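Notes follow once the structure below has been shown.
Protein chains: 2
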Amino acid sequence: MTTETLAGPIPEVACCAPLVRSPMSAQEAEGLSKVLKAIAEPNRLRVLSLVAARDGAACVCDLTEPLGLSQPTVSHHLKTLVDAGLLAREKRGVWAYFSLVPGALDDVARVLSTAGVSPAAGSPTCG
Amino acid sequence: MTTETLAGPIPEVACCAPLVRSPMSAQEAEGLSKVLKAIAEPNRLRVLSLVAARDGAACVCDLTEPLGLSQPTVSHHLKTLVDAGLLAREKRGVWAYFSLVPGALDDVARVLSTAGVSPAAGSPTCG
DNA sequence: CCCAGACATCGACAGATGTCAATATCTCGG
DNA sequence: CCGAGATATTGACATCTGTCGATGTCTGGG
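Top to bottom, those sequences are chains A and B. Here the first sequence is numbered in full-length UniProt numbering, starting from 1 and rising by one per residue. Here the second sequence is numbered in full-length UniProt numbering, starting from 1 and rising by one per residue.
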């Protein structure tokens with residue numbers, strides 16, 4: 001058990017759900033909202049930005065200073081982002097390294113985008 | 001005066017701020033978070049979806065039933081989305097019609113996307 | 001002029017959320 | 001085995017947020 005089961009099966013963002021296409025069900029909205037709520041917090045946005053800036057891998061101690069938050073609070077935000085499927089956690093020795101999950105942010109972006117609605121972009125693995 | 005000044009100058013999402021590019025300042029994160037918080041709510045996601053589905057224009061009375069919410073609550077959510085710059089409000093007679101602000105959701109999508117970081121997509125009007 | 005209907009605002013309330021201090025857990029070196 | 005250091009968890013607290021009922025405001029018809 002490397003604390004893999006954090007809070008379920010990850011909300012799987014909502015691959016292929018253009019938002020601006022057909023009326024969204026309450027259930028779909030709930031799932032997408034979970035991921036968006038994870039992103040829609042100033043300090044978590046900065047976390048994502050900082051992780052990306054450090055070549056995609058950062059530990060907690062790298063983030064407390066630039067964020068100006070306590071260590072528990074940073075850990076809390078990181079857990080939120082991992083649960084949302086946006087960050088991956090890798091324990092390396094004493095340190096825990098967090099990295100962006102490839103494509104996770106892009107999935108969210110694709111759902112919000114209205115460009116994909118018209119028949120133009122061929123999204124992969126979306127059948 | 002068609003009730004244009006609702007709650008300020010609109011957070012102007014964050015045209016050209018790739019999120020995954022350089023460490024985001026607290027101020028930038030605050031602004032982007034305001035728009036994302038507006039989107040990151042299940043019923044507001046459904047509002048956007050419903051408005052888009054009705055050819056991009058819907059009044060309050062069109063939304064209360066499918067959402068299962070009271071009229072004041074729907075008005076509240078609509079105001080939040082208008083303040084965030086995602087919806088536009090047009091008073092036509094007794095009815096108030098809400099429509100998607102063209103490009104608003106796409107701006108958010110572009111900020112979240114990591115695709116634009118590598119030199120590939122030529123984003124317009126971003127100099 | 002007055003009424004009916006659509007929408008906005010207000011006041012109140014329960015639940016969610018961000019934050020920290022204190023503490024627990026885990027890993028490495030000696 | 002023990003201590004040091006990094007991270008996770010817990011408990012508490014203030015604040016924010018979504019919701020509704022009641023009420024105010026505006027427009028059009030008679």
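The beta-carbon is built from N, C-alpha and C at its ideal position, and this holds for glycine as well. In this text the structure is predicted, and so the values were computed from the model without any measurement.
A direct Cα-Cα distance of roughly 44 Å separates A/S25 from A/V94.
Here DSSP, grouped into helix, strand and coil, assigns A/R89 to strand. Identification of residues in the stretch 32 to 48 of chain A having a C-beta nearer than 9 Å to some C-beta of chain B yields L32, S33, K34, V35, L36, K37, A38, I39, A40, E41, P42, N43, R44, L45, R46, L48, given in sequence order. If you compare the alpha carbons of B/T114, B/T73, B/I39, B/R110 with that of A/A104, the shortest gap goes to B/T114. The beta carbon of B/D107 does not come within 7 Å of any beta carbon belonging to chain A, so the residue lies off that interface. By the criterion of a C-beta distance shorter than 8 Å, A/L86 is surrounded in its chain by V35, A38, I39, L48, L100, V101, A104, L105, once the five residues flanking it on both sides are discounted. The beta carbon of A/P66 sits closer than 7 Å to the beta carbons of L50 from its chain, once the five residues preceding and following it are set aside; these are given in chain order.
The contact set of B/L112 on chain A, defined by CB atoms closer than 8 Å, consists of I39, L105, D106, V108, A109, L112 in chain order. Under the Cβ distance rule, B/L19 counts among the residues neighbouring chain A, one pair being separated by less than 7 Å. Sixteen is the threshold: when 16 or more other Cβ atoms of the shown chains lie within 10 Å of the Cβ of B/S33, as they do, the residue is buried. Fully contained in the UniProt domain "HTH arsR-type" (24 to 120) of chain B are the following alpha helix (DSSP H) runs of length 4 or more, in chain order: 26 to 39, 42 to 53, 60 to 67, 71 to 83, 104 to 112.
Contacts between B/S22 and chain A, judged by CB atoms closer than 8 Å, involve S49, A53 in chain order. Taking a beta-carbon distance threshold of 7 Å, A/E65 does not count as an interface residue toward chain B.
A/E90 and A/L69 have their C-alpha atoms roughly 22 Å apart.
Taking 7 Å as the threshold, the shortest C-beta distance from B/E90 to chain A does not fall below it.
At a C-beta separation below 7 Å, A/A57 has no neighbours in chain B, since its nearest C-beta there lies roughly 13 Å away. Of the other Cβ atoms in all chains shown, fewer than 16 fall within 10 Å of the Cβ of A/R92; this residue is therefore exposed. Chain-order list of chain B residues neighbouring A/A115: D106, by C-beta distance under 7 Å. Pairing A/V20 with B/T64, the inter-Cα distance amounts to about 19 Å.
By the neighbour-count criterion, in which 16 or more other beta carbons inside 10 Å mark a residue as buried, B/D107 falls on the buried side. Contact annotation for B/A26 against chain A: P42, N43, R46, L67, G68 [CB-CB distance below 9 Å, chain order]. Using a Cβ distance threshold of 7 Å, B/C59 and B/A96 count as a contacting pair.
Closest in alpha carbon position to A/E28, among B/S22, B/E28, B/R44, B/Q27, is B/R44.
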